[in-house]
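Structure first, then comments.
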Amino acid sequence: MNIVARCHVLSIVRLTALLACLASPALLAEDRYAKTGAEAVSRIANDIYEALDAKPRGVLTRHDVMVKPEGAAFLTQGAAGDKGVVVFSSGFVELMNRLAHAKAIEKVSKGYFEKYVLSLGDAPQELPGGSDSRYWDTKLLDEQASSFSQMVGMMVAIEYSHHYLGHYSKYGDKVGADSAHPAPISQFLTADEWAASLRAGVRNCLAAGLGIEGVKALVDAIDKVVKRPGWAGFCIPDSTKAKALKKEMEKLERKFFGGEE
24 MNIVARCHVL SIVRLTALLA CLASPALLAE DRYAKTGAEA VSRIANDIYE ALDAKPRGVL
84 TRHDVMVKPE GAAFLTQGAA GDKGVVVFSS GFVELMNRLA HAKAIEKVSK GYFEKYVLSL
144 GDAPQELPGG SDSRYWDTKL LDEQASSFSQ MVGMMVAIEY SHHYLGHYSK YGDKVGADSA
204 HPAPISQFLT ADEWAASLRA GVRNCLAAGL GIEGVKALVD AIDKVVKRPG WAGFCIPDST
264 KAKALKKEME KLERKFFGGE E
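Residue numbers for the sequence shown follow the working numbering, so the first one is 24 and each next one is one higher.
Given below as structure tokens:
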């Protein structure tokens with residue numbers, strides 16, 4: 024049975040209700056991360072899909088993002104018939120929201136982002152002092168939404184690349200996307216395969232109008248944790264260092280805007 028039947032999939036459009044139950048004391052449940060809920064994730068995936076050339080789009084299900092209602096944070100690939108899809112856990116979406124929020128809070132509370140990052144384990148953690156009204160200021164939440172879009176956009180773009188670059192067809196049996204605990208495809212990729220996915224993902228995101236600053240914050244977060252949590256492998260290979268990765272992304276960005284990509 025393929026991933027569509029086995030996930031008991033929640034449409035990404037309905038993810039808001041699932042995330043709302045984790046609401047901060049500072050907001051009513053239905054208002055939590057209003058700009059980065061279900062509709063936003065669907066829109067980001069659509070923008071990434073539309074920015075691809077026709078050939079890679081041909082192997083993907085149109086901006087289809089499947090969501091498993093799992094607290095553990097993971098992101099993987101799956102198949103719907105002969106088309107590729109991206110599979111999120113609800114915990115991963117929540118994690119991206121909180122990381123983006125912690126980064127935004129850094130503007131009013133120096134050192135907050137690192138403090139939050141160092142508290143992370145395999146599942147999303149509540150934001151320290153989350154009831155502080157300053158942390159829910161409209162401008163600050165706009166900053167949070169921007170970082171969230173960049174983080175999620177890059178993750179979707181890289182996952183899409185695993186389909187059209189042939190990585191999923193090669194390693195799909197090892198990933199186990201149908202299981203409750205899939206393995207990160209990054210642990211099976213060669214260095215050249217990862218480099219190809221990174222290049223494709225950065226180019227795809229930039230073509231969709233998304234920057235890389237939020238992604239660099241995500242990479243910093245992974246690098247700061249003394250023992251990398253399980254979800255980190257779904258973002259980047261375990262051996263990847265933040266400094267080198269950010270440098271490579273910046274080089275790809277310069278090439279893109281210089282017309283070399």
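For each residue, glycine too, the CB sits at the ideal point set by N, CA and C.
Fair warning: this is a prediction, and the values are worked out from it, not measured in the lab.
Opposing strand residues paired with residue i [DSSP bridges]
{"i": "V88", "result": "V109"}
{"i": "G101", "result": "V108"}
Contact under 8 Å by Cβ, residue i with residue j
{"i": "T59", "j": "A127", "result": "no"}
{"i": "H186", "j": "S220", "result": "no"}
{"i": "P252", "j": "D145", "result": "yes"}
{"i": "E137", "j": "K239", "result": "no"}
{"i": "A95", "j": "G107", "result": "no"}
{"i": "A123", "j": "N227", "result": "no"}
{"i": "E93", "j": "K130", "result": "no"}
Residue i in three-state terms, based on DSSP
{"i": "L83", "result": "strand"}
{"i": "I245", "result": "helix"}
{"i": "K58", "result": "helix"}
{"i": "E271", "result": "helix"}
{"i": "A265", "result": "helix"}
{"i": "R251", "result": "coil"}
{"i": "G152", "result": "coil"}
{"i": "G144", "result": "coil"}
{"i": "C258", "result": "coil"}
{"i": "E129", "result": "coil"}
{"i": "A68", "result": "helix"}
{"i": "L164", "result": "helix"}
{"i": "F211", "result": "coil"}
{"i": "S169", "result": "helix"}
{"i": "S202", "result": "coil"}
{"i": "F73", "result": "The amino acid at residue 73 is misidentified as Phe; the sequence shows Glu. Three-state DSSP puts E73 in a helix."}
{"i": "L233", "result": "coil"}
{"i": "G282", "result": "coil"}
{"i": "A123", "result": "helix"}
Beta-carbon proximity list for residue i, same chain, < 6 Å, skipping 5 on both sides
{"i": "L268", "result": "V242"}
{"i": "L51", "result": "The predicted model places L51 with a pLDDT of 43, which falls under 50 and marks its position as unreliable; any figure quoted below should be read in that light. Closer than 6 Å at the Cβ level, and outside the excluded window around L51, lies no residue."}
Contacting residues, own chain, Cβ-Cβ under 7 Å from residue i (five flanking each side not counted)
{"i": "E182", "result": "L98, Q100 and V109"}
{"i": "W254", "result": "A96, F97, F115, L118 and D145"}
{"i": "M222", "result": "The residue you asked about is not Met; residue 222 is Arg in the sequence shown. Answer for R222: L275, listed in chain order."}
{"i": "L143", "result": "V248 and P252"}
Nonlocal neighbours in the same chain, by C-beta distance under 8 Å from residue i, ignoring five residues either side
{"i": "L188", "result": "E216, A219, S220 and A223"}
Between the segment 191 to 206 and the segment 169 to 179, can you find at least three pairs of beta-carbon atoms closer than 8 Å? These segments do not touch.
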